[in-house]
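I have placed the structure first, in the form of structure tokens, so that the comments after it can refer back to it.
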Amino acid sequence: MRKILLTINTMVLLGIVCFLGYQHVKSQEIPKELQVERLSIVGPDGNLYVSISNPEQQALATTHGVPHYPDSKRDLPGLIFFNRVGDEVGGIYYDGNDEESFSGITFDQQKNDQILAITKDEYRDGDEWKRWYGMFLRERSDSIRVKTLFEQLKEDIKDLGEEEKQKAYLKFKKYIDSEINVYRMFLGREENKNVGLFLYDSKGKERIKIYVDTLDVPRITIIDTLGNEKRIAHTILE
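Quick look at the structure:
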């Protein structure tokens, strides 16, 4: 009887060990799928470093962890990156539908917005798809913060109606793109299908174009401050 009890105890103990071992191995299995609306990668102090999100839950732009426009929202899925002090520093975005498609990788200037990006933009125009894609550089002033300008705009338009607010915003955006966040270089394919290098001056005006046109003709064009073009070298290059 003693031997039988010893055998039973040994078998039970072995069964328990096998069960616990199976549970341990099972717990180490890699999940086949993880479904969340937003995944935030944070440090021990809670600082946000990476946000991977759907459009509705995307993280806002921040400086020292404080959102620039807390009442606004982003509606692009993608990855947003932040540095050690809580500044947004760029990201990867993408979206689209049956009428348009766009995506990009952006890099922000210190305490400011993007200055380097690789982007792609496509949209349907009737039965034709228009598209441009490539890399661009912007020039931004260290003394002018877009965040500060937006805060002033919000204060100026807070008592206006929605239509007036929209007009004011479009005017402000045009000012920002022409005076504050000016293009300095584009390398890629333009919407008109020219492929090449396009250089702009400090005012955002196009000054030099080195490209191959839709007829496969290589061209070099110089543009003066009044917008007059002078084509050079293309007859030689042909």
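Residues in the sequence shown are numbered from 77 upward in steps of one, following our numbering. Glycine included, C-beta positions come from ideal geometry on N, C-alpha and C.
Of the choices P294, Y287, R283, D289, whose alpha-carbon is the least far from that of L302?
Mapped onto the sequence shown, residue 302 falls at position 226. Answer by Cα proximity: R283.
State the Cα-Cα distance for the pair D121 and L192, rounded to the nearest angstrom.
Translated into the one-based positions of the sequence shown, residue 121 becomes position 45. Translated into the one-based positions of the sequence shown, residue 192 becomes position 116. If I take the Cα positions, the gap works out to 30 Å.
6 Å CB neighbourhood of F183 in its chain, flanking five on each side removed
For the purposes of this step, residue 183 is taken as residue 107 along the sequence shown, with counting starting at 1. For F183, where only same-chain residues beyond five positions count, the Cβ hits under 6 Å are G166, L192.
For R114, count neighbouring C-beta atoms within 10 Å of its own C-beta (all shown protein chains included) and say buried if the count is 16 or more, exposed if not.
Taking the sequence shown and counting its residues from 1, one reaches residue 114 at position 38. Result: exposed.
Three-state class that DSSP yields for L110 in the structure shown
Numbered from 1 along the sequence shown, position 34 holds the residue referred to as residue 110. DSSP places L110 in coil when its eight states are reduced to three.
From which residue to which residue does the alpha helix (DSSP H) around K247 run?
Looking up residue 247 in the sequence shown gives position 171. Here the alpha helix (DSSP H) through K247 covers 238-251.
Measuring straight from C-alpha to C-alpha, what distance separates D163 and E240?
Residue 163 sits at position 87 when you count from the first residue of the sequence shown. Residue 240 sits at position 164 when you count from the first residue of the sequence shown. C-alpha separation (whole angstroms): 32 Å.
List the endpoints of the continuous beta strand (DSSP E) containing I256.
Translated into the one-based positions of the sequence shown, residue 256 becomes position 180. Where I256 is concerned, there is no enclosing beta strand (DSSP E), given that its DSSP letter is neither H nor E.
Quick one: grab the DSSP three-state call for D232.
Along the sequence shown, read from residue 1 onward, the residue named residue 232 stands at position 156. Reduced to three states, the DSSP call for D232 is helix.
Would you give the residue range spanned by the beta strand (DSSP E) that R283 belongs to?
As a working note, residue 283 is residue 207 in the sequence shown. That run of the beta strand (DSSP E) goes 282-288.
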